[in-house]
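Structure, as structure tokens:
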DNA sequence: GAACAATGGGTGTATATACTCCTATCTAGT
DNA sequence: ACTAGATAGGAGTATATACACCCATTGTTC
């Protein structure tokens, strides 16, 4: 380490000038997480009275449509870590909205929605629909569609990488 | 509850036919969270050796650019709950990347980046940049720009609501 | 059929997130 | 100066998320 490297070649702060840092405001990670936060709060608020969170609603919908299904298959479909899904399912299971039972292959755990789960889904659906439509109206249908397409594409391309 | 309401007028499961449920696959909340998950993993992986997560990198960048700044101001700027930010800052403070000190108004806590923080930022910046550029290339620059614009617009419009 | 690889899950740990309720401090109005 | 309201923050609790490491079961190979 010499003392006279005033140039940028060996400067550990290179890229941290105002321009480099301004670039960080476009961070894909930060922006997607920020959007996820604000949207999550909208949906959580809208279905608060039902006792479901937005995340739980999505999980219940997927279980309803795809189930009965093995834990790992559901995790794969939802692009969620297996262990995350297992823990999220514990909450739904505690409230008797889903069942978690051994499969024929005794390594697997089969997830299925219950009648209570279907009722809860029916209860929460109007709240979800209202918020979903509000967001579409707020952005404009075309912009919203474009956004969802691009976001889905991002997910798919990261997955295929 | 009569037994013969086969119509949908009083059916609690109305909207939960396959069409209604299929609509849920376009859930703004689920899709934004899914994207946040996959993108977060890309950035976390890329800077794992630095010991920073994508979230922490973003927090450190904001602190560097905006600091010294009061906790609530920083939370507002980042669109994060105040208590969430405080807890995320604890980790950075423990690693001496930021300081948290009383302000003149003794209700406030002033957040500032340290020299170690700046060094860590410089260390992580190339990892961030590499991943950010990879995502842009993956999607195509125009598509990526369009996505970020739409996502930012969503955030702004929800905020202004 | 016994050894071994592959698969499906569970546990421990750490981080990220936000809500509710509470305390300390400041500010404005009297 | 006193008090009421506003503001800044902290603590407790709950949920969402994923990684590393481990165990049980299944399939495979000789």
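Residue numbers (our numbering), protein chains in the order written: chain A, 223 to 383; chain B, 223 to 383. We put the CB at the ideal spot given by N, CA and C, even for glycine. Owing to the predicted nature of the structure, the values given are computational and were not obtained by experimental measurement.
A Cβ-Cβ distance of about 6 Å is found for the pair residue 369 of chain B and residue 373 of chain A, placing them in contact under the 8 Å criterion. The residue from B/383, B/338, B/272 with its alpha-carbon nearest to that of residue 286 of chain B is B/338.
In the structure shown, residue 320 of chain B adopts extended strand secondary structure according to DSSP, grouped into three states. Residue 362 of chain B and residue 250 of chain A have their alpha carbons spaced roughly 14 Å apart. Note on geometry: alpha-carbon atoms of residue 377 of chain A and residue 315 of chain A lie some 29 Å from one another. Counting only runs that start and end inside the segment 304-376 of chain A, the alpha helix (DSSP H) elements of at least 4 residues fall at 304-316, 337-361. At least one CB atom of chain B sits nearer than 8 Å to the CB of residue 277 of chain A. For the segment 368-379 of chain B, the beta-carbon criterion of a distance under 7 Å to any beta-carbon of chain A is satisfied by 368, 369, 370, 372, 373, 374, 375, 376, 377, 379.
Annotation for residue 288 of chain A: 296, 299 place their beta carbon closer than 7 Å to its own, counting only its chain and skipping 5 residues before and after. Burial state of residue 241 of chain A is exposed, judged by a 10 Å Cβ sphere holding fewer than 16 other Cβ atoms. Just measuring C-alpha positions, the residue of A/341, A/353, A/284, A/354 sitting nearest residue 317 of chain A is A/341. Inclusion of residue 293 of chain A and residue 331 of chain A in the CB contact set at 8 Å is warranted, their separation being smaller than that value.
When only Cα atoms are considered, residue 276 of chain A and residue 355 of chain A end up about 15 Å apart. The residues 292, 331, 332, in chain order, have a CB closer than 8 Å to that of residue 325 of chain B in the same chain once the five nearest residues on each side in sequence are set aside.
Across the segment 238-260 of chain A, CB contacts with chain B closer than 7 Å involve 238, 242, 243, 246, 248, 249, 250, 251, 252, 253, 254, 255, 256, 257, 258, 259, 260, in sequence order along the chain. As far as DSSP is concerned, residue 257 of chain A takes part in no beta bridge. Taking the CA atoms as reference points, residue 360 of chain B sits about 46 Å from residue 329 of chain B.
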